[in-house]
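Participant: Going by the numbering used here, the sequence shown opens with residue 325, and the numbers climb by one from there. Beta carbons are placed, not taken as given, at the ideal position from N, Cα and C, and that holds for glycine. Here's a structure for you.
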Amino acid sequence: MGIMGDILDVTMNGGQQGVIVSAISRRANLSHYAVLDKCEKLINAGLVETRRDDR
């Protein structure tokens with residue numbers, strides 16, 4: 325569970341404010357689309373929540 329663990333580490337370090345997908349991609353050294361796929365699995369498992377902020 326190395327990649328998933330890396331993603332979870334990055335999201336935990338983001339704290340209550342969360343972290344954007346590009347930051348996860350950079351820190352986990354994965355492509356943007358690979359991160360989206362892995363994050364979707366974590367969301368479906370209930371380990372991560374998603375939130376969309378309008379800028």
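1. If you run the structure through DSSP and keep just helix, strand and coil, what is SER355?
2. Return the first residue and the last residue of the alpha helix (DSSP H) that THR335 is part of.
3. Rounded to the nearest angstrom, how far is the Cβ of GLY342 from that of ARG375, given a contact under 8 Å?
Facilitator: Reading off the structure:
1. coil
2. 326-338
3. 6 Å
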